[in-house]
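Scroll down for the structure; my scribbles are underneath it.
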Amino acid sequence: MWTVENRRRYDRSSLRYPSDLTDEEWSVIEPLIPPARHGGRSREVAMREVVDGVMYVLTTGCQWRSLPKDLPPKSTVHGYFTDWTYNGTMKRMHRALYEKCREQEGRKTEPTAGAIDSQSAKSAEKGGPALIPSAMMPARRSRARSGTSWSTCSVC
Numbered sequence: 021m022w023t024v025e026n027r028r029r030y031d032r033s034s035l036r037y038p039s040d041l042t043d044e045e046w047s048v049i050e051p052l053i054p055p056a057r058h059g060g061r062s063r064e065v066a067m068r069e070v071v072d073g074v075m076y077v078l079t080t081g082c083q084w085r086s087l088p089k090d091l092p093p094k095s096t097v098h099g100y101f102t103d104w105t106y107n108g109t110m111k112r113m114h115r116a117l118y119e120k121c122r123e124q125e126g127r128k129t130e131p132t133a134g135a136i137d138s139q140s141a142k143s144a145e146k147g148g149p150a151l152i153p154s155a156m157m158p159a160r161r162s163r164a165r166s167g168t169s170w171s172t173c174s175v176c
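Numbering (the numbering used here), first residue to last: 21 to 176.
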């Protein structure tokens, strides 16, 4: 419910972008970021800026090349995003923030109930969208019913 207290808690107007992490969110995510690899150059980019860049793309749905210029380069942000997606860091970040939100609301970290509506269950039983492409394909005709198969008879 939007009360004065909740509006203050969810206010993101002091941030550069609404998708940027608050200090509290950053304190939850920071320990989950893998350390830099051994060897090679050391990290020169601020990891909080990289996470803010990833959050910007995920929140706005913009293209990688449309990242604002005050965030790290798109190749850097995208590179970390693909690495973190592959090694499970993104899932761990999401899970940690999800649990933190549930704790703030006074709920258990794991949901105790689930709901499935009847429409979703029905479409899943019938196969859903997977049947659409085959329905759009032209019907096959057998060669026996085709008039051309008799006209090319090699015995005649």
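Glycine residues also receive a C-beta, built at the ideal position from the N, C-alpha and C atoms.
Original post:
Apart from the five residues on each side of it in sequence, which residues of its chain come closer than 7 Å, Cβ to Cβ, to tryptophan 104?
Top reply: If you number the sequence shown from 1, residue 104 lands on position 84. Excluding residues within five positions, the ones whose Cβ falls inside 7 Å are Met110.
Subject >> Nonlocal neighbours in the same chain, by C-beta distance under 6 Å from isoleucine 53, ignoring five residues either side >> reply: Locating residue 53 in the sequence shown gives position 33, counting from the first residue. Around isoleucine 53: Met67.
Original post:
So which of Tyr30, Leu78, Gly134 and Ala116 has the shortest CA-CA distance to histidine 98?
Top reply: On the sequence shown, position 78 is the one that residue 98 refers to. Nearest option by C-alpha distance: Leu78.
Original post:
Between arginine 115 and glutamate 44, what straight-line distance do the alpha-carbon atoms span, to the nearest angstrom?
Top reply: Locating residue 115 in the sequence shown gives position 95, where the first residue counts as 1. Locating residue 44 in the sequence shown gives position 24, where the first residue counts as 1. Taking the straight line from one Cα to the other gives about 15 Å.
Subject >> Terminal residues of the alpha helix (DSSP H) in which glutamine 124 lies >> reply: In the sequence shown, counting from the first residue as 1, residue 124 sits at position 104. Counting along the chain, the alpha helix (DSSP H) containing glutamine 124 begins and ends at 109-124.
Original post:
Should the stretch 50-65 be called in touch with the stretch 129-137, which here means at least 3 C-beta pairs below 8 Å?
Top reply: no
Original post:
Which residue's Cα is closest to the Cα of cysteine 80: Tyr37, Gly126 and Ile136?
Top reply: For the purposes of this step, residue 80 is taken as residue 60 along the sequence shown, with counting starting at 1. The sequence shown places threonine at residue 80, not cysteine. Of the listed residues, the one whose Cα sits closest to threonine 80 is Tyr37.
Subject >> Backbone secondary structure at proline 51 - three-state DSSP >> reply: Numbered from its first residue, the sequence shown carries residue 51 at position 31. Helix.
**OP:** May I ask you to report which of helix, strand or coil DSSP gives serine 62?
**Re:** For this step, residue 62 is matched to residue 42 along the sequence shown. Here serine 62 sits in coil by DSSP.
Original post:
Taking Cβ positions, are glycine 73 and proline 92 nearer each other than 8 Å?
Top reply: Taking the sequence shown and counting its residues from 1, the one referred to as residue 73 is at position 53. Taking the sequence shown and counting its residues from 1, the one referred to as residue 92 is at position 72. Yes; because the gap between Cβ atoms is below 8 Å, this pair is in contact.
**OP:** Indicate whether methionine 75 and leucine 41 have their beta-carbon atoms separated by less than 8 Å.
**Re:** Here the question's residue 75 lines up with position 55 in the sequence shown. Here the question's residue 41 lines up with position 21 in the sequence shown. Yes, Cβ-Cβ distance for methionine 75 and leucine 41 is below 8 Å.
Original post:
Going by alpha carbons, who is nearest to serine 47 out of Val71, Arg27 and Val24?
Top reply: Numbered from 1 along the sequence shown, position 27 holds the residue referred to as residue 47. Comparing Cα-Cα distances from serine 47 to each of Val71, Arg27 and Val24, the minimum goes to Val71.
Original post:
By the 10 Å Cβ neighbour count, where 16 or more other Cβ atoms means buried, how is isoleucine 49 classified, buried or exposed?
Top reply: Mapped onto the sequence shown, residue 49 falls at position 29. So isoleucine 49 ends up on the buried side.
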